[in-house]
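A.B. asks: Sharing a structure, written as structure tokens. Questions coming.
Chains as they are written, first to last, in my numbering: chain A, 1 to 620; chain B, 1001 to 1620.
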């Protein structure tokens, strides 16, 4: 396209953004208008994308980090012929694929955006796949706002991209000077961004974001830059092209008042069509290794019943074995692989291991990026530190991403290190994520099986592992369906109570059952390794037979095992008597045994609680 | 002290770190030894601190961001005479104040550390207090590791500190080259850090961290630097002074094997005492304005029953009023003050308003920092985006911090913007925080009261507000005790069921009650504005009278209202029949009304669910 046509295309994108928001009665046209010329140049001259085959492995990727500028993205889709005008005008309406912020309900969108500062970290993950795994020359474009450069996650990604020489990654910062409630810190001072990005090792280009020729040159320079990611810093005007809103405060997230006049001012409606270039390697498509056929059965480690092994160690060995069986499995860790045992995988499969250093947001974002390319990522760190990435986990669910997250060092059982290192909120955090699976094994063979099983689940999968050694309870051939549980003790209808536990407390529960039996109180013990989904049938039968359930968890009382078991009885049926033991006080340093005792989740505390529960069992 | 004495003091700190970890059988001596000379110089020559009066407003602050180097901190306390040798050797033992990572159980520790990358953001909060509120020339020192510079939160703080010209803040980076599992990204390449920090506007000094004279000069230069924060980049050796571990991999987080030999190699045990200089303004102490006497009663806004007002708007007005009554109240927002309505406070009290831009980790960290100086912070953003700062919230609880967090735009009721902007995990997230309070008002007067009430609570307080206008239900003089609830409909023992709701669903519940009454089904409606602590008595009475409870929440099914009500029946008593309505599918764009309907939490869905519940009410 000639430059004057590109400029015209930019106006068309603005017009369509204004029209879409006007039809919706809400949305962010002004944030779209600032980046319209950038979008026009990218679409017409640089993006290589087969809109009929969004799954094409050679396609470039475009991540709209400033997700609120969705009208621009949808206007680009329309210009590319992928979306028709009538669909454009369904923007933000019930049932429309054109949501307020883009999600993968649209086939050309890899990941949901809308929580600012996530586009670049996820883009880094996709670029890592392209560079280190796919070896396909697709380019990853991230279009970001200037406000979101204040997010720390952006700088985790900036560091990571430069360190990994991701020259297949281009960040475009739409520096329109205005955030939601007013001016940004740095306004139109492009040098402020340039200095920072340059210091981290990026190639930087400053341009007038409304000069299509300059933007065009910048994209070409970005694509030809080697060994460095490139940032195009584009000075733009929010609301560009409509005098009533251009470069003015107070017009964020609002349709332009007089849309008809605005469209006229922008030159009226047009219907330019762009023939977007297809990917270069259209003939020699590559796919993720395991894309064809069923993955091989992993030769999981086998542990002997009675041995003592930490579940984190079993995780490491199982992940290594899974990596040997399946070339699509990749692992990431946040500089604690020696603790989480991800290092076993790292040593066996260094080419598929991603060290993310102490940057948990980048860790999860990279996993999300990698799974867009068909890989099956396992990202691990301490359970406590996964809280750092909760927003990324939440958005991963919106992105329909399939990722495995593994949190080690769960609960007070870690001992001396104290509360800062103890995962005590992780079950609550992951249970409340849409479509998630939450697994919490108590022994090595169970862990190994669950590590393999979770690979093929949908959505966000969380595995909670423990620091200390624990006895192996299950044989290596035992299976553990997701949504199941195991009854480890039970005497039929003679049982006076049911203890529901998982992980470290399961072992305490078994000891408690012995103590209680000595006192003539037979009890049932359920290993609730699948915290979500929860085994409603087994819990229901236990409730019927024993009348009361005691949950015991190395977690705060809210959101974990106790809540999960209670939820199993939230369908209107009569509920059993329930009680819960959990970590109610703020722990300090102590040995693991002292911690369990102090928190009241050790065998003696459990036995005492059951006794109390059984004694108070007076049918009302 | 002479330099040779400083060097000797450094050796003593190493010896004590080695001894403490040896006595504990765990801990991080090598990470302490790298920073021992820095600690010695800081303690003997630069820190102004009255150890007998840790509450002295003029005291400098020292935040040990690399909290695992606690043995160094405790060795410094010993050198200052604040801790005796026998207590030093209780390190990491049950009941000891000397925890694995420092917490405010020690009177000289302002905030807990141990989750890396939090010290600087919190230090920025303290420095902001010193600069903008206290006007006291205390200096804030943050001692950080090099690994943690990979955390995005550090760069949020770096940006914030420079932008605010915090020349009362000095960051010392202990560049010992080795992280937990191996070398850091930048090793001993000080220039890598220097370039980045300089680009953000910091004054930087590179030193040999074992050259006490150079370190001494650097501290002096930092203190005399104006208009800029200073970073001292100190090249050090992990395990310095003991050949068996110095600058070697594989010795992170482990006691030195032969402690006796190590102590000998370090010159043996010593007992140098440092007379730490007191604060400069020891005579003219300043305190937080409201420190004396009871704060004035705020003149809260009064809303008329029947009017429609958004609870976020009521929050803004109430916060403004609270700020007028109390000079200790401060507000912070992450660049969405026009949406959260924190801008009402900003306009009325600009001197006590802190714009944190789009950096939620810094937002919460600044609140934590401000409360260490006695201020009562209210930090607000979208509920969805508070997930970004979950690790900071979790650590705030370990820090015993009193902070108010306000999350707006809760749930699907926001409408068209879609799931990325909807707080649907926030109740779960905050409920599971130790010692937290979770409030969720449904009308303007209730909101105003709760905003005032939460100011004087302990721990992390969370208020959930809504985007849309809702009818005012309560008169302005109604009171809302924390842990209470309101029965808004009820016919005594005639009620066939109880609907428990809060916020937007409370209004739907009332409409449902009308529908049900038309069908001859009298129901009770409880406004559960206090989600944690929850009103066990009222729920128990409702269970007794009506036999079944239906919870309705604009939140995912896990961790929120449903779990909170279930938890109320987790003390072993017979539980009622319970059912829950919640947001079970991933929402998309739609109007607020369509969203409630689609999620099945609108009046019609509630009425239908109650009917089903009542019809299935067969006593077993």
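Ideal Cβ placement from N, Cα and C applies to all residues, glycine included.
Within the 9 Å Cβ cut-off, does residue 357/A reach chain B?
C.D. replies: By this cut-off, residue 357/A is an interface position.
A.B. asks: Secondary structure at residue 1204/B, three-state DSSP: helix, strand or coil?
C.D. replies: Three-state DSSP puts residue 1204/B in a strand.
A.B. asks: Nearest-angstrom Cα distance between residue 1187/B and residue 320/A?
C.D. replies: Distance between the alpha carbons of residue 1187/B and residue 320/A is about 28 Å.
A.B. asks: With the cut-off set at 9 Å, would you say residue 1068/B and residue 1031/B are in Cβ contact?
C.D. replies: Yes. Within cutoff.
A.B. asks: From what residue to what residue does the beta strand (DSSP E) around residue 1530/B run?
C.D. replies: Looking at the DSSP string, the run of the beta strand (DSSP E) that includes residue 1530/B is 1530-1532.
A.B. asks: Using the Cβ count rule (16 or more neighbours within 10 Å means buried), how would you classify residue 280/A?
C.D. replies: That one is exposed.
A.B. asks: Taking the alpha carbon of residue 1587/B as the point to measure from, which residue in 207/A, 97/A and 139/A has its own alpha carbon closest?
C.D. replies: That would be 97/A, whose Cα lies nearest to the Cα of residue 1587/B.
A.B. asks: Assuming contact is defined by CB atoms lying nearer than 9 Å, are residue 308/A and residue 469/A in contact in what I supplied?
C.D. replies: A contact, by the Cβ cut-off of 9 Å.
A.B. asks: If you scan the region 1125-1174 of chain B from start to end, which runs of the beta strand (DSSP E) of 3 or more residues do you find wholly inside it?
C.D. replies: Runs of the beta strand (DSSP E) inside the region 1125-1174 of chain B: 1140-1145.
A.B. asks: Secondary structure at residue 491/A, three-state DSSP: helix, strand or coil?
C.D. replies: Strand at residue 491/A.
A.B. asks: Along chain A, in chain order, which residues have C-beta atoms closer than 9 Å to that of residue 1343/B?
C.D. replies: Those within 9 Å of residue 1343/B in chain A are 181.
A.B. asks: State the DSSP-derived secondary structure class of residue 257/A, mapped to helix, strand or coil.
C.D. replies: Coil, per DSSP.
A.B. asks: Excluding the five sequence neighbours on either side, which residues of its own chain have a C-beta within less than 7 Å of the C-beta of residue 1493/B, listed in chain order?
C.D. replies: These residues qualify, in order along the chain: 1545.
A.B. asks: Locate the alpha helix (DSSP H) running through residue 322/A, then write down its first and last residues.
C.D. replies: Residues 311-325.
A.B. asks: Taking only beta-carbon positions, decide if residue 76/A is within less than 9 Å of chain B.
C.D. replies: No - not a single Cβ of chain B is within 9 Å of the one on residue 76/A.
A.B. asks: Suppose contacts are defined by Cβ-Cβ distances below 9 Å. Is residue 1265/B in contact with residue 1182/B by that definition?
C.D. replies: For residue 1265/B and residue 1182/B, no; Cβs fall outside 9 Å.
A.B. asks: By how many angstroms is the C-alpha of residue 190/A removed from the C-alpha of residue 1631/B?
C.D. replies: Outside the modelled stretch of chain B, which goes from 1001 to 1620, sits residue 1631/B, for which no answer is possible.
A.B. asks: With 16 other CB atoms within 10 Å as the buried threshold, where does residue 1458/B fall?
C.D. replies: Burial call: exposed.
A.B. asks: Less than 9 Å between the beta carbons of residue 38/A and residue 262/A, yes or no?
C.D. replies: In this structure, residue 262/A does not lie closer than 9 Å to residue 38/A by Cβ.
A.B. asks: In chain B, what lies closer than 7 Å to residue 470/A by C-beta?
C.D. replies: Those within 7 Å of residue 470/A in chain B number zero; the least Cβ separation is about 19 Å.
A.B. asks: For the region 349-389 of chain A, which segments carrying the alpha helix (DSSP H) assignment without a break, of at least 4 residues, lie completely within its bounds, in sequence order?
C.D. replies: Taking only runs of at least 4 residues, the alpha helix (DSSP H) segments lying wholly in the region 349-389 of chain A are 360-372.
A.B. asks: Tell me which same chain residues have a C-beta within less than 8 Å of the C-beta of residue 205/A, skipping the five on either side of it?
C.D. replies: Closer than 8 Å at Cβ, skipping near neighbours: 218, 221, 222, 230, 231, 232 and 233.
A.B. asks: Roughly how many whole angstroms lie between the Cα atoms of residue 1177/B and residue 1192/B?
C.D. replies: Whole-angstrom Cα-Cα distance: 12 Å.
A.B. asks: With a threshold of 9 Å between beta carbons, is residue 409/A in contact with chain B?
C.D. replies: Answer no: the Cβ-Cβ gap between residue 409/A and chain B never drops below 9 Å.
A.B. asks: Tell me, please, whether the CB atom of residue 1348/B is closer than 9 Å to any CB atom in chain A?
C.D. replies: Cβ-Cβ to chain A under 9 Å: no for residue 1348/B.
A.B. asks: Taking the continuous beta strand (DSSP E) assigned at residue 1437/B, which residues delimit it?
C.D. replies: Start and end: 1437-1439.
A.B. asks: Which same chain residues end up closer than 7 Å to residue 1122/B when comparing Cβ atoms and leaving out the 5 residues on each side of it in sequence?
C.D. replies: Only 1063, 1111, 1365, 1368 and 1369 meet the Cβ criterion.
A.B. asks: If we count the other Cβ atoms within 10 Å of its Cβ and call it buried at 16 or more, is residue 1297/B buried or exposed?
C.D. replies: By the neighbour-count rule (16 or more Cβ atoms within 10 Å), residue 1297/B is not buried but exposed.
A.B. asks: Is residue 1516/B near residue 1551/B, with beta carbons less than 9 Å apart?
C.D. replies: Cβ atoms of residue 1516/B and residue 1551/B: not closer than 9 Å.
A.B. asks: By Cβ distance below 8 Å, which residues in the same chain neighbour residue 574/A in space, the five residues on each side in sequence not counted?
C.D. replies: Once the five neighbours on either side are set aside, residue 574/A has no close Cβ partner at all.
A.B. asks: Would you mind reading off the limits of the alpha helix (DSSP H) that contains residue 1560/B?
C.D. replies: No alpha helix (DSSP H) holds residue 1560/B; DSSP gives it neither H nor E.
A.B. asks: What three-state label does DSSP hand residue 391/A in the structure shown?
C.D. replies: Residue 391/A falls in the helix class under three-state DSSP.
A.B. asks: Looking at residue 463/A and residue 442/A, is the spacing between their C-beta atoms short of 9 Å?
C.D. replies: No, Cβ-Cβ distance for residue 442/A and residue 463/A is not below 9 Å.
A.B. asks: Hey, quick one: how far does the beta strand (DSSP E) through residue 549/A stretch, first residue to last?
C.D. replies: Counting along the chain, the beta strand (DSSP E) containing residue 549/A begins and ends at 548-552.
A.B. asks: Whole angstroms is fine: what's the gap from residue 1497/B's alpha carbon to residue 1396/B's?
C.D. replies: The alpha-carbon atoms of residue 1497/B and residue 1396/B are separated by roughly 39 Å.
A.B. asks: Alpha carbon to alpha carbon, how far is residue 346/A from residue 335/A?
C.D. replies: So the alpha carbons of these two residues sit roughly 12 Å apart.
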